């Protein structure tokens, strides 16, 4: 079965394929002798297409065969032996098309090939031919090029359609391209023929689905645009859902706008009317004799048959006019006294055996043929459309309908038509016809004649819609007209429901379609209600919303097939090819089909139509309507009349039936998949049923089409009338009305899905050989199908549970009345009782379709081997639909049980519990379950619903939602109770069952219900094991912190546990982690502040329901605290920014807190006053040693008590005036003191007063003598730093927080393994729960998840790993060490930036950095216990004796690794602290730097040799050559900046480094560069002596021009690793320092 599509090319002809079987026959042959001819080919036929006298076949493998009258080659090929088109071999053709007398083929790549007649340019300007060629004998490529794009691009074509003199192509972009001649092209042009394909601009931007070509007209099936308003789409949709809607239904006539009467699309100018065709200049040779008469429709004006048996015309072509006609059509458009056909009468019969079916069909078909009636002047079919198609003669002027439309109240009766026939030119351009039409229109308007051509009511109804599609015509109308368009607002949502349903099922065919037509309209084949031509596409508004899925065109008539399996037809009906006798034929009318027939494919020939339909069995049947011939017999009087008007064919009598009739031989052909018509021929493609595969596909499609027709009828007859009824709300009640509307919407969604699916299956059947079975929508869109069915079942069940069907039944009796019997037919026979309509069964019936899906998919799977992907896919789909079918049947049963439960227990008390989605699962009215320790006379009733457990006691209800309910069995003890413990968030209780079986039943039911409500499978849950941990919502009602709060999140055994959100009614919100019923972990909280009308917010850690840990609290007042908390209080390190705006805070405090108060060391920056306090605090007050600096440069250090300066203190102003004394208040001195000025003058005595306003002094003024010895006592009093807090005691709170994060109670007290575990948990949590991490941050965290070796002794080998780990750890604040570094940097900058940039704070700042290193190193040593003390040596790993012998010499050369806090940690800290620290150094060295820089600038004005000479550099060190871009140049006396350039550039890098070790490396490299440059001059090994080195290095320092060199030197000196002070680097640094001092004091320079 896997290879069913394969048929080898060399397969012998006597073993025909099982698929793609072709049958062909002549439509006009005698009905009793119809015998389809079977065409035997070695390959399956994929597509057949028929022209006027020829046809094309496309077989598997892309081969094309031709047969029939191939006039372009002067040959006639019998259909039994079609000839292969050799020139198309290798092109892989995928589509073929046959026009009147030309052919087209389409390759897999989208290339077009054309051949045949080319007189009108219908084959295009082929690459091999020229314009003058009237025939193209072989297939030639025709390129479709889009010249609007730049550069021009070749368009890929996906479909072709050909007429007599024009060709249409559909592109992959769903646009239409046309070439050939005539108005049927739809192009805006006045030049014909059109040789090159041009885009039909009028359809540009629209999504064209299909194109079809008649002889001289064109149709396009177009996807509708989204609805722009709420009226018209609703109207069309309502009509579209009614498969039996007749376009001839009577409506009140209304005035029609004059704009309706200019429907031609483009203006005609004089150039166009004078255009001639190449056909006139080059008359056909052989086409005149054979093919010309092919242009005449059978039954042209004289009623002749244009073809005899040999296919040649025996009459001359003449133009005739027809006189009066008398249509005798009844008001409903159907003939009177016409009996039903046998097929209709037997529509419900069953066919147990195929032979019985064949016999019955034979009888039915012969009976229906006997019912035919002969055409005559008095027949029911209106003769107004009898026209000679080829000559474009119209029997009635096309403007007759205008006459009656201008007279609004004209009687709509049968009237005589006195129109004058006008002979038109046979030009294919059709412009002459248009011009004469317009002239005739004017004449008719003057004469005020009325016509029976069309029904004015029908025309008027569609006028408004039709006008909207015309360019440039405004929409106007009378109030009556506008009223007729108004619809109930409630129905406006239908189109939105449908549009949403279509969007949801992407990939399925759209049912929202329109039909557009253009070309000649002399027979009404355009469907616009007139006989005018259209030069551009125009929408047939009456078909909009009818869900057309396919269009087909005969020579002069058109067919449209809808998704409801109805056929609309319009145009020429001379031979009954429209399948009805309704008038008018100029608008689409439904073909008269017998009940039970569902058409799913259509085709049209010259004067017939062939339909493919579903009957009462799976195998499709053929229906035919149109021209037929009977053998000559004794003429009746009526036939004499007929023959008098058929002078050309005296030997035959033409007749036709009034409705499509069954062709009995169709059952012998197998399973027909496609029908095809053309000229006077019919063809079908059929498949044999191998292994039941084909029948299974047909069965699926047939059932789905039947289902869609059923659902549309239910919608039309039941749901829509009920929904639109005014009394629906009072009758059903408020809740049931909403449920009914919801039911209707879900029914519409299901119906749309079924309609699109059935259409998709019809398309699948047309190409069943080329389609993969895994592409069935049931498999590709399985999720969408399942969702729609679930939604529908739920909506029906909800309506059922609320008792809506009882009220709906009463409403339907009132609303439908006499139509009840019609509605009863829709019910399945075994469910309909006594003819009454069972609405419950009716609306539950669609669920049975799921079982059919499952059954058909199982049949299809049986055709494949188990190991194939097709089998796997089909089997999986079968399981899905079967499982859903069983599940929905269970839901149906639950709904029925629940409805009976409410019916039994009706009352006000229980009505409160009645909800649409609620279902009863279990109840204890038989006292099978009671509460433990219940009273003897107490009454306990337990009801288990699918969402709650209800405990009813007398009239009170306790409702326990299942989402937050845990059931657990109690182990049976000696008491013998069969108990179940129920745990809820706020209470727990025990239920006691009467028997063990009852206990197990309740436990299983509860756990399954809980599992179901939590999204589980509801099957096979173990008792007591259902979801201890879950996610659910709950509102607390009991007293406590959570009273009235609503919680959504995770639970564990009845308590909130995990992530969740708690919302209180007063606006409080907590979102974060919970543990054992309380907030615990990271969380975010919002607390409203009613006074300030702004909320407080907190983000951080919690413990046991309180804020605990590190977090950020934003107060409503504008203050922001970021730091540590303990039990809801600020405790530990923290930073508080105060002020109205946090960005411009009036003050910032950073330091230690104890129980919500500032206590310990802290820095307070009072931005408003411009002061910064750095010292100790106690209970929110400044208390203890401290330093204060102001923005004026005043420096104070001393003691504070009670928030003010109190006690001894030292005050120093910006000009170096120093005061040491007793302070009593801020900046107020009161007591003994010493005042020293910058020049050494001293004032000693009693001071009183405020520093800023003036001091009173009683004391002694001393001016020191030049030789006076230094006063050590006074200097010690005025020494800085005696009152400040020692550096080691600052920021202890920060280090304590870091220790606590490592799990230590105090510094160094804790388990190392616990510390590493805490680090691992912190890193992993940060990585998982921080969504805003950058890619680099994630990489860092990934590296840190690998814990280094920390328990082993540190050696030189793993020391580097520790250093790398610390570098990574300090990069992210998520690591405790990284957080420590970030916090220390914040504290440091808060202290020494801004007002804190005071040069007298330098020593304090340096000491603080060194203290950081000490504390930090103690933490690192705790983590890596193998590290030595600060300044210790790392021991080498012990080597084996053999290794020590071999490596003894190498080991001596290794340097010893000394570990110090500065070498390990300063590279991590100092770069971050560098800006504020270096600024202090620069301020401290400001005076010296000024002297240094002034001398540097002055000395650098000298040339190199002059400067070297001045500095005393020996001439042997003077460079002679310099290299510029690799070229040597001599240094002359005027050269500047040419000597020792590399050494100068190296030394300049000192300003780009941060740490002392890096700066020392720069100095070392400078010496190396200097040595390298001197070596070539001396040519010998030498050692530097300081006398030679210092002047030379002095030159390098001067030329380097380093700003702030003094600050650099001081920083290196203060922070240099003590281990290198006395080594080589120390000596080099001393040389640099000496140069700096030398430059300062070089006064003679």
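In the working numbering, the protein residues as written are 29 to 1673. Don't be surprised by glycine CBs; every beta carbon is placed ideally from N, CA and C. Keep in mind it's a predicted model, so treat the numbers as computed, not measured.
Same chain, Cβ closer than 8 Å to residue i, neighbours up to 5 away in sequence not counted
i: residue 687; result: 369, 607, 608, 619, 620, 621, 622, 653
i: residue 1461; result: 1484, 1485, 1486, 1487
i: residue 944; result: 763, 767, 826, 827, 829, 830
i: residue 720; result: 887, 890, 891
i: residue 1343; result: 1330, 1331, 1332, 1450, 1451
i: residue 1006; result: 1000, 1020, 1021, 1022, 1023, 1024, 1026, 1027
Cβ separation of residue i and residue j, assumed to be a contact under 8 Å, to the nearest whole Å
i: residue 732; j: residue 782; result: 6 Å
i: residue 73; j: residue 84; result: That belief does not hold up - the Cβ atoms of residue 73 and residue 84 are roughly 10 Å apart, past 8 Å.
i: residue 1492; j: residue 1631; result: At roughly 31 Å, the Cβ-Cβ gap does not stay under 8 Å, so residue 1492 and residue 1631 are not in contact.
i: residue 1675; j: residue 934; result: No statement about residue 1675 is possible, as the shown extent of the chain runs from 29 to 1673 and does not include it.
Contacts around residue i, its chain only, beta-carbon distance under 7 Å, and the 5 residues preceding and following it disregarded
i: residue 1252; result: 1234, 1258
i: residue 1657; result: 1588, 1591, 1640
Opposing strand residues paired with residue i [DSSP bridges]
i: residue 699; result: 715
i: residue 1009; result: 996, 1018
i: residue 1284; result: 1276
i: residue 1137; result: 1153
i: residue 1542; result: DSSP lists no partner for residue 1542.
i: residue 163; result: 145
i: residue 567; result: 544
i: residue 578; result: 589
i: residue 243; result: Per DSSP, none; premise fails for residue 243.
i: residue 227; result: 205
Same chain, Cβ closer than 6 Å to residue i, five either side skipped, listed in chain order
i: residue 1421; result: 1504
i: residue 1200; result: 1193, 1217, 1423, 1424
i: residue 111; result: 94, 105
i: residue 1061; result: 1076
i: residue 1056; result: 1081
i: residue 195; result: 150, 207, 208
i: residue 1584; result: 1640, 1643, 1644
Host alpha helix (DSSP H) of residue i (start-end)
i: residue 891; result: Unbroken run through residue 891: none, as it is neither H nor E.
i: residue 791; result: 762 to 794
i: residue 1509; result: 1489 to 1512
i: residue 1388; result: 1384 to 1397
Boundaries of the beta strand (DSSP E) in which residue i is found, first to last residue
i: residue 825; result: That residue, residue 825, is in no beta strand (DSSP E); its alpha helix (DSSP H) goes 810 to 829.
i: residue 1227; result: 1223 to 1229
i: residue 1037; result: Here residue 1037 belongs to no beta strand (DSSP E); instead the alpha helix (DSSP H) covers 1024 to 1041.
### Message
For the structure I just gave you, are there three or more beta carbon pairs, one from the stretch 197 to 206 and one from the stretch 588 to 603, closer than 8 Å?
### Response
no
### Task
Would you check if the stretch 539 to 547 and the stretch 555 to 572 touch, i.e. whether three or more CB-CB distances between them fall below 8 Å?
yes
### the stretch 917 to 928 in contact with the stretch 951 to 968 per 3-pair CB rule at 8 Å
no
### Query
Is the stretch 1034 to 1041 touching the stretch 981 to 998, taking contact as three or more C-beta pairs under 8 Å?
yes
### Query
Using 8 Å as the Cβ pair cut-off and three pairs as the minimum, do the stretch 1267 to 1287 and the stretch 1402 to 1419 touch?
no
### Query
Any contact of the stretch 832 to 839 with the stretch 791 to 810, i.e. 3+ C-beta pairs under 8 Å?
no
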